[in-house]
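Notes follow once the structure below has been shown.
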Amino acid sequence: MMAASAGPGVVVVALVVVVYLILLIRPAASFRVNVGVGIGGGIGIGNQNQNQDQNQNQNQKPYYDDSNNNNNYDEGEGEGGDDQEEGPEAAAPVGPGQSFTGGRGTYKYMAHEFLDAHNKVRAQYGLQPLKWSNKLARYARRWSAARRFDCVMMHSPESPYGENVFWGTGWGWRATDAVKSWAGESSVYDWRGQSCNPGQMCGHFTQIVWNDTKLVGCGRSECVAGGVFITCSYDPPGNWKGEVPLT
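Oh and the sequence shown: position 184 is 187 in my numbering, straight run, nothing missing.
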């Protein structure tokens, strides 16, 4: 005997039940995101401190034809001052799932926020302040934008620069939050042994206070599914094996 098909009334009731369940579950999911924002720098962060070493000897530093920094760290001076001509660039606030490509006024504000946060940390250790590089900022923005669809914590695979990345749930994360998270790793750095405490991560902090690093550029994107992905690129890169950050 063939089973009777469900009538229109049954279909409507089923749809109402589905909608009700969605509305019932949704607040709980939103609550988890909001709690995540309150966690601070403990949410996923990563530092690219290995890719520069893969094809180098322990104490050998790389040489990059496009950024050897012999010209007062102004990489673009010979091409119209690409890095320094109009001051810092950074990211303008946008909606979820977009990267920061807004007006120059907001760009500059965000850039100064990134730069000041880095240099406040460096000043604590008597280091020279970093300069902003528009070239590095463009690189960092492109990588942050590439991650906005999945927000997966990973580094740009072919980057010739040092790189810190940060991811946090929710959309309220600022430049200062990312830098504060990275700098917080100073608590697990063994200054006597000049290394991270066993089982701890401190490469983000050491990149910020790496003495030989002179330039920084950062980018920020808001992820499609919620969350913020931040990338900062550094040149020359830090975290070389056999070397220590402050010398």
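Glycine included, each C-beta is placed from N, C-alpha and C at the ideal position. Note that this is a predicted model, so its numbers are computed, not measured.
When DSSP builds the beta bridges, which residues end up paired with residue i?
i, result
"Gly220", "Ser236"
"Asn214", "Answer is none; Asn214 lacks a bridge partner."
"Trp135", "Val219"
"Asp193", "Ser198"
"Val231", "Gly171 and Glu225"
Rounding to the nearest angstrom, what Cα-Cα distance links residue i and residue j in this structure?
i, j, result
"Trp135", "Leu218", "6 Å"
"Ala148", "Phe232", "8 Å"
"Asp238", "Gly229", "30 Å"
"Thr216", "Tyr110", "23 Å"
"Lys183", "Val191", "14 Å"
"Thr172", "Arg150", "14 Å"
"Leu133", "Val247", "18 Å"
"Arg195", "Thr234", "30 Å"
"Gln131", "Trp146", "27 Å"
"Pro91", "Glu116", "At Pro91, the pLDDT of 47 sits below 50, so the modelled position is not reliable; the number obtained from the coordinates is stated separately. Taking the straight line from one Cα to the other gives about 10 Å."
"Met113", "Asn242", "26 Å"
"Trp174", "Ala126", "29 Å"
"Gly202", "Val212", "21 Å"
"Met156", "Glu188", "18 Å"
"Met204", "Asp193", "11 Å"
"Asn214", "Phe152", "35 Å"
Can you check whether the CB of residue j is closer than 8 Å to the CB of residue i?
i, j, result
"Val124", "Ala181", "no"
"Ser224", "Ser162", "no"
"Pro240", "Tyr128", "no"
"Trp170", "Cys154", "yes"
"Gly220", "Asn137", "yes"
"Gly206", "Ala143", "no"
"Ala120", "Thr179", "yes"
"Gln210", "Asn167", "yes"
Count the other C-beta atoms from every protein chain shown that fall within 10 angstroms of the C-beta of residue i, then say buried if there are 16 or more, exposed otherwise.
i, result
"Leu118", "buried"
"Leu249", "exposed"
"Val227", "exposed"
"Ser159", "buried"
"Gly245", "exposed"
"Asn200", "exposed"
"Phe208", "buried"
"Asn62", "Its pLDDT being 25, under 50, Asn62 is placed unreliably in this model, and the coordinates cannot settle the point."
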